[in-house]
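Each remark here refers to the structure printed beneath this line.
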Amino acid sequence: QVQLVESGGGLVQPGGSLSLSCAASGSIFSISALAWYRQASGKERELVAGITIGGRTNYADSVKGRLTISRDNAKRTVYLQMNSLKPEDTAVYYCKTVRTNGLTNWGKGTLVTVSS
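The sequence shown begins at 2 in our numbering and counts up by one.
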């Protein structure tokens, strides 16, 4: 099993920045990819950004150029740097890991609110 704990959410004004962190523990040696998802009120959960153990990244079109995913293997942490935030970025952000056996683990989420 992999345990994930997100942090860094909060209230930010439009155009502002926020950095999210997701700390992993447990069977982290079996992780093949990590990702950030988000779920806005009344909407389905969607992929925001992903990164493989090899460092390859992918992003949703809506966040390209504004959000950046990165990881620190030594700290067992994956980050999401969010710049130029918009009200439509308001959502609960979840961290997800994919293990080599295909099983996934999710964190409990952290709320990001973009509002003036």
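The beta carbon of each residue, even a glycine, is placed where N, CA and C say it ideally should be.
- Bridge partners of Thr69 according to DSSP: Gln82.
- When only Cα atoms are considered, Leu86 and Gly108 end up about 22 Å apart.
- The Cβ-Cβ distance between Tyr80 and Gly10 does not fall below 8 Å.
- Scanning Lys44, Ala36, Asp62 and Val115 for the CA closest to the CA of Gly56 turns up Ala36.
- Contact holds between the stretch 20-27 and the stretch 2-9, because three or more Cβ pairs, one in each stretch, are under 8 Å apart.
- Rounded to the nearest whole angstrom, the C-alpha separation of Leu48 and Lys97 is 10 Å.
- Out of Gly103, Lys65 and Asn84, the CA that lies nearest to the CA of Ala50 is found in Lys65.
- Taking 3 residues as the shortest admissible run, the stretch 7-78 contains the following complete beta strand (DSSP E) segments, listed from N- to C-terminal end: 11-13, 19-27, 32-40, 47-53, 58-60 and 68-73.
- Residue range Thr111 to Val115 is occupied by the beta strand (DSSP E) that includes Leu112.
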